[in-house]
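Numbering (the working numbering), first residue to last: 2 to 120.
Before any comments, here is the structure.
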């Protein structure tokens with residue numbers, strides 16, 4: 002079984018909650034800091050293929066979204082444009098993104114994580 006991968010940035014409060022929950026359950030994950038390590042279109046396409054939606058991936062509540070102009074926001078309405086926007090501004094990716102056994106969970110919810118790791 003492969004190690005789950007947790008994508009995000011370390012100083013995000015929601016990331017800290019997710020990491021604390023995983024640690025409390027004794028679940029080891031590989032952490033991918035996409036601000037430092039970057040993100041690729043292939044990774045985002047993989048998330049979409051594994052069940053994530055662009056609506057879930059694009060964080061429309063954060064500061065980065067609020068700073069975008071209308072043309073950039075409109076770009077997020079179409080698949081190619083949204084992916085290009087996420088690549089150009091990784092801070093727009095809702096955090097965390099957890100990939101486990103071919104499934105993707107966007108955001109953190111204790112109930113969703115429990116279901117994802119239920120044996």
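The beta-carbon is built from N, C-alpha and C at its ideal position, and this holds for glycine as well.
Asked                                                                                                                                                                     : Found
By how many angstroms is the C-alpha of residue 77 removed from the C-alpha of residue 86?                                                                                : 7 Å
For residue 32, which residues does DSSP report across the bridge?                                                                                                        : 7
Taking the alpha carbon of residue 52 as the reference point, which residue from 118, 112 and 99 has its own alpha carbon closest?                                        : 99
Which residues in the same chain as residue 83 place their Cβ atom closer than 8 Å to its Cβ, once the five residues preceding and following it in sequence are excluded? : 55, 58, 59, 76 and 77
Which same chain residues, not among the five before or five after residue 105, have their C-beta less than 6 Å away from its C-beta?                                     : 48, 51, 52 and 53
In the DSSP assignment, find the unbroken beta strand (DSSP E) run with residue 104 in it and report its ends.                                                            : 104-107
What are the boundary residues of the alpha helix (DSSP H) that residue 117 is part of?                                                                                   : 111-118
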